[in-house]
Amino acid sequence: MAPLSRGMLIVIEGLDRAGKSTQHARLCQSLESQGRRVKRMRFPDRTTPIGKSIDAYLKGESQQEDHVIHLLFSANRWEAAAQIRNAIEEGTTVVIDRYYYSGIVYSAAKGKADLSLKWARDPEIGLPRPDVCVFLDIAPEAAAKRGGFGREKYETNAMQKRVRELFYELIATSDGLDICVVDAGRDVEEVEKDVMERVKDVMKQPKMTQPLTEIL
Ligand code: NYM
Ligand code: MG
Numbered sequence: 001m002a003p004l005s006r007g008m009l010i011v012i013e014g015l016d017r018a019g020k021s022t023q024h025a026r027l028c029q030s031l032e033s034q035g036r037r038v039k040r041m042r043f044p045d046r047t048t049p050i051g052k053s054i055d056a057y058l059k060g061e062s063q064q065e066d067h068v069i070h071l072l073f074s075a076n077r078w079e080a081a082a083q084i085r086n087a088i089e090e091g092t093t094v095v096i097d098r099y100y101y102s103g104i105v106y107s108a109a110k111g112k113a114d115l116s117l118k119w120a121r122d123p124e125i126g127l128p129r130p131d132v133c134v135f136l137d138i139a140p141e142a143a144a145k146r147g148g149f150g151r152e153k154y155e156t157n158a159m160q161k162r163v164r165e166l167f168y169e170l171i172a173t174s175d176g177l178d179i180c181v182v183d184a185g186r187d188v189e190e191v192e193k194d195v196m197e198r199v200k201d202v203m204k205q206p207k208m209t210q211p212l213t214e215i216l
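Laid out in structure tokens, this is it:
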């Protein structure tokens, strides 16, 4: 594979229990085995002070007003933005488990009139724009059957169903989100193969010879 002058920015998205962590790990390993330097990241990053507040909220240990928690999730990305940009400039590929797409849809899924997809997206403007976001698509019913579901806030069938609808709305209504959909209801290996294919397609695109851009 031709060397890229900069790293790629790749995002894995999906509902809870869609298999994101597994696919994230496998993709990082294959990219490394192809000789690329890889930085693994995930959002929320629960290790920072902001991330710790988010963690407490998700576990039900603290309460936050809906706009406030939305902005904390966004701030948690902003505090990592320079790190992402620097890694990519020096040729490292950054692979992130969840990014601003989750940020938008999970908040908007709460159904508040004053917390629309548009309102939710505004604080993300200016963050590093992904080269590709692979949306691991799974039916909420199938996801719910996988282990560990239901422990954290948002892990209810009603919420997951709405999140999936909003992911589809996001994909259908806006250009330039760089999302591709992969059916995640299949064997791990099949999903992995598709994810790698999407990433390889993007590697060939002209934008990969240009500097990383920003979310507009
Ligand atoms: N989540 C994640 C948000 O609500 N907004 C965000 O910006 C991000 C990045 O956090 N249910 C939600 C989605 C998940 C939860 O993420 C925790 P994970 O990947 O399950 O640890
Ligand atoms: Mg989760």
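The opening residue of the sequence shown carries number 1 in UniProt numbering; numbering runs sequentially from there. Cβ atoms here follow ideal geometry from the backbone N, Cα and C, with glycine treated the same way.
Rounded C-alpha distance that separates residue i from residue j
i           : j           : result
residue 68  : residue 141 : 30 Å
residue 271 : residue 64  : Look at the range of the chain in this structure, 1 to 216, and you will see that residue 271 is not part of it.
residue 41  : residue 199 : 17 Å
residue 144 : residue 157 : 7 Å
residue 191 : residue 183 : 7 Å
residue 153 : residue 17  : 14 Å
residue 99  : residue 34  : 25 Å
residue 61  : residue 130 : 32 Å
residue 179 : residue 49  : 30 Å
residue 95  : residue 151 : 26 Å
residue 55  : residue 47  : 9 Å
residue 177 : residue 147 : 30 Å
residue 88  : residue 161 : 34 Å
residue 111 : residue 14  : 19 Å
beta-carbon residue i near the ligand MG non-hydrogen atom, thresh 7 Å
i           : result
residue 13  : no
residue 152 : yes
Cβ of residue i within 8 Å of any chain C Cβ
i          : result
residue 74 : Note that chain C does not occur in the displayed structure, where there is just one protein chain.
Limits of the unbroken alpha helix (DSSP H) element including residue i
i           : result
residue 93  : First-last for residue 93: 93 to 97, but that is the beta strand (DSSP E), not the alpha helix (DSSP H).
residue 55  : 49 to 58
residue 203 : 188 to 203
residue 66  : 66 to 78
Residue i Cβ short of 7 Å to the ligand NYM heavy atom set
i           : result
residue 51  : no
residue 167 : no
Segment limits, beta strand (DSSP E) that includes residue i
i         : result
residue 6 : From DSSP, residue 6 is part of no beta strand (DSSP E); its letter is neither H nor E.
Runs of beta strand (DSSP E) lying entirely within the region 121 to 156, each at least 3 residues, in chain order: 132 to 137
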